[in-house]
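J.:
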Amino acid sequence: QRQFQGDQVLRIMARDEEQAALLKMLEEQEELQVDFWRHPFGPGHPADLRVPFPSLGAVKGFLESHSFPYTVMIEDVQELLDEEKEAMARSRR
Amino acid sequence: VKRSSRAFDFGSYHTLDEIYSWMDTLVEDHPGLVSKIQIGQSYEGRDLLVLKFSTGGSARPAIWVDTGIHSREWISQATGVWTANKIAEEYGRDPSVTALLDNMDVFLEIIANPDGFVFTHSSDRLWRKTRSPNTGSHCLGVDPNRNWDAGFGGAGSSGDPCSDIYHGPFPHSEREVKAIVDFIRGHGNVKSVISIHSYSQMLLFPYGYTSVPSPDYQEMNELAKKAVSDLAAVYGTKYTFGSIADTIYTAAGTTVDWAYDQGVKYSFTLELRDTGRHGFLLPSSQILPTATETWPALLDIMVHVLEHPY
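Quick mapping for you: the protein sequence lines, in order, are chains A and Z. First residue of the first sequence: 1241, per my numbering; consecutive thereafter. First residue of the second sequence: 142, per my numbering; consecutive thereafter.
1. Go ahead and pull the three-state DSSP assignment for Ile-251 of chain Z.
2. Return the chain-ordered list of same chain residues with a C-beta closer than 8 Å to the C-beta of Thr-1311 of chain A, the five sequence neighbours on each side being excluded.
3. Using a Cβ cut-off of 8 Å, which residues of the stretch 1257 to 1269 of chain A contact any Cβ in chain Z, in chain order?
4. Mapping DSSP to helix, strand and coil, what is Phe-421 of chain Z?
5. How many whole angstroms separate the CB atoms of Tyr-232 of chain Z and Leu-174 of chain Z, which I take to be in contact at a CB cut-off of 8 Å?
6. Taking 8 Å as the CB-CB limit, is Ser-425 of chain Z close to chain A?
7. If the criterion is Cβ atoms closer than 8 Å, does the pair Leu-372 of chain Z and Thr-435 of chain Z meet it?
8. With a cut-off of 8 Å on the beta carbons, I'd call His-308 of chain Z and Asp-290 of chain Z a contact; round off their distance for me.
9. Does DSSP put Ser-298 of chain Z in a helix, in a strand, or in coil?
10. Could you tell me the alpha carbon to alpha carbon distance between Leu-343 of chain Z and Asp-1256 of chain A, rounded to whole angstroms?
11. Over what stretch of residues does the alpha helix (DSSP H) that includes Asp-402 of chain Z continue unbroken?
12. If you run the structure through DSSP and keep just helix, strand and coil, what is Ile-442 of chain Z?
13. With 8 Å set as the bound, which would you pick, yes or no: does the beta-carbon of Gly-1287 of chain A sit closer than that to a beta-carbon of chain Z?
14. Can you pull the DSSP bridge partners for Arg-187 of chain Z?
15. Checking the sheet assignment: what are the DSSP bridge partners for Met-343 of chain Z?
16. Identify the contact partners of Val-1249 of chain A in chain Z, using a Cβ-Cβ distance below 7 Å as the criterion.
17. Can a CB atom of chain A be found closer than 8 Å to the CB of Ser-341 of chain Z?
18. Check whether the stretch 327 to 343 of chain Z and the stretch 401 to 419 of chain Z are in contact - that is, three or more C-beta pairs closer than 8 Å.
19. Given that Tyr-154 of chain Z touches chain A, what residues does it touch there, using C-beta distances under 9 Å?
20. In chain Z, which residues lie less than 7 Å from His-1279 of chain A when you measure between Cβ atoms?
21. Using only the alpha-carbon positions, how far apart do Ala-219 of chain Z and Tyr-376 of chain Z sit?
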């Protein structure tokens, strides 16, 4: 089963159209393997990105260099998945 | 020991087998109201099953509801299960549900993308697409909400098979999509299509492929406003509403645009709850609150459809 250890989900708020367009560029950089959970609709709407652990440094560096305001929505995706699996097992028991 | 639909834990996530098995018990528990029909098979050969809620008649006007066309949006399928049970239990108790089912049929496809759903349980929890192969690419799957013949291949979809919004080689290339298309066309009297997704807290309607307002924009907007207001009255959850193109972005090839262009006037898509902390990984403790608050919004739409025949 695919593991997501250390992957984070970042919630990013683009300030203007220019920043929204910059975010879309992240999607085109295939090597980063960024998974858009919520696409950048435009200024004022949050975009949520799951960033694989190996790409975290590059993506956060990109966001900081362009002064994007962002928060870490999920610290470790795998932790949530483990909790979800445990909850399902409990329900079955 | 006879199984009972009442023994099912609606506050937990379940596998495909568990949900399909529960559907059988729901049919057994409500033999005069609920039946199960198969509308096709998925790419990997799984049954595409639909619950039919009907009190009789033939080719009555109908409402179509699907959940989980994007397999990783688990709260959608879980809400579908709860909603199916709610419809069955409220017939004969709730005057609105009773009036609805005395005059119309409801079709509910809880697992609209079974291959993807099984894959989220077995291999990759975050899989979104179907599981069909793409010629010339190592990447599998098509986004089934970009595969409909409504502005197919336009903005907001991708021609790259490795993209999560890959529109597929041609409209309705996915068996899961084609089965719904054939069913709705074959039925001929579907008056509403409601497609349930997660997780942006929105109630959206056509168009997605163009920013031009639909001819029914005003009526849809008013209905959406009432529905999100009644939803918010349960736990205070705030939804936005509007046309897909105005509210999010231009998205071509979506379910509700296709349905609307087929003459199904009341075509809506719901994006269920977002805590701001979990995204697609909404904890199971939130299944019941999510489904409970969604119910009045769904009922608003269904009752409006009943009261506004066309």
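Every residue gets a Cβ at the ideal spot worked out from N, C-alpha and C, and that includes glycine. Predicted, not measured: the structure shown is a model, and the values here were computed from it.
T.: With the structure as the only source:
1. Three-state result, Ile-251 of chain Z: coil.
2. Leu-1250 and Arg-1251
3. none
4. helix
5. Confirmed, Cβ separation roughly 6 Å.
6. Answer yes: the Cβ-Cβ gap between Ser-425 of chain Z and chain A drops below 8 Å somewhere.
7. yes
8. Incorrect: roughly 11 Å between the Cβ atoms, too far for contact.
9. coil
10. Rather than Leu, the amino acid found at residue 343 of chain Z in this sequence is Met. When rounded, the distance between both Cα atoms is 22 Å.
11. 396 to 402
12. helix
13. The identity of residue 1287 of chain A in the sequence shown is Ala, whereas the question assumes Gly. For Ala-1287 of chain A, the answer is no, since every Cβ of chain Z falls outside 8 Å of its Cβ.
14. BP columns for Arg-187 of chain Z are empty, so no partner.
15. Z:Thr-381 and Z:Glu-412
16. The contacting residues are Gly-420.
17. Using beta-carbon distances, Ser-341 of chain Z counts as an interface residue toward chain A, with a partner under 8 Å.
18. Yes: at least three Cβ pairs fall under 8 Å.
19. Glu-1324, Ala-1327, Met-1328 and Ser-1331
20. Tyr-390
21. 18 Å
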